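Okay, structure first, notes after.
Numbering (the working numbering), first residue to last: 413 to 577.
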C-alpha cells in the first residue's frame, strides 16, 4: 500500500494510524465526495434539505442526498464487506454515524411534522441503508432515479403512518 503511494509505511502509520485509519479516511472521503473537513450534517447539500420549509420537498431532498451517498459508497462497501476485521470496524463506526445522522434529521422533523421520533428513526435508518440500495440497484435492476423516488415515497409514508399512531 505504502509502496504504491510512493511513501514509507511509517508515513502511512503517522498520517492515518495504520490500516484502520486509512480505511476510515477512504470511507469518509468517499462518503462526502471530497476531502474537505466538513461534517456531513454541515455540508451545503444537507443544510439545504434542512432549510426547505415543505415536508414533502424536505423528504425528496433527503432521498436525493441518500441516493448520492450510496452511489459513491456502494462500490467501496462491496470491497470492505469482505476485507477483514479492520474494515468491519470501520463499517460498524459508519453505521453508528449514519444512525446519528438519521436521528438528527428525524429530530428536526419531529416538531413540525408531529411524529413519533423513535419509530420514524428506526424506519428511516432501515430504509436509507446502503444494503437496501445495493439490493434494489444491483440485484433487482432499479435505476438510481427509481430508487430515489421510491425512497422519498417510503419516507413520506413512514411520517404519515407515525402521525396516525
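Ideal Cβ positions, reconstructed from N, Cα and C, are used throughout, including at glycine.
Nothing here was measured: the structure is a model prediction, and the numbers come from that model.
Residue i versus residue j: straight-line alpha-carbon distance, rounded
i, j, result
"residue 496", "residue 465", "44 angstroms"
"residue 482", "residue 507", "13 angstroms"
"residue 478", "residue 469", "14 angstroms"
"residue 548", "residue 558", "9 angstroms"
"residue 467", "residue 527", "12 angstroms"
"residue 529", "residue 422", "46 angstroms"
"residue 484", "residue 501", "20 angstroms"
"residue 515", "residue 505", "15 angstroms"
"residue 459", "residue 448", "16 angstroms"
"residue 540", "residue 517", "12 angstroms"
"residue 556", "residue 463", "24 angstroms"
"residue 499", "residue 550", "22 angstroms"
"residue 554", "residue 480", "15 angstroms"
"residue 546", "residue 431", "25 angstroms"
"residue 561", "residue 511", "22 angstroms"
"residue 503", "residue 456", "25 angstroms"
"residue 509", "residue 471", "20 angstroms"
"residue 519", "residue 544", "23 angstroms"
CB of residue i within 8 angstroms of CB of residue j, strictly
i, j, result
"residue 475", "residue 563", "yes"
"residue 542", "residue 492", "no"
"residue 473", "residue 461", "yes"
Contact belief for residue i with residue j at Cβ below 8 angstroms, rounded distance in angstroms
i, j, result
"residue 523", "residue 453", "About 18 angstroms separates the two Cβ atoms, so there is no contact after all."
"residue 531", "residue 574", "6 angstroms"
"residue 521", "residue 571", "7 angstroms"
Residue range of the unbroken alpha helix (DSSP H) whose run includes residue i
i, result
"residue 462", "456-463"
"residue 468", "467-492"
"residue 544", "542-546"
"residue 530", "529-539"
Would you check if there are 3 or more beta carbon pairs closer than 8 angstroms linking the stretch 552-571 to the stretch 519-538? At 8 angstroms Cβ cutoff, the stretches touch.
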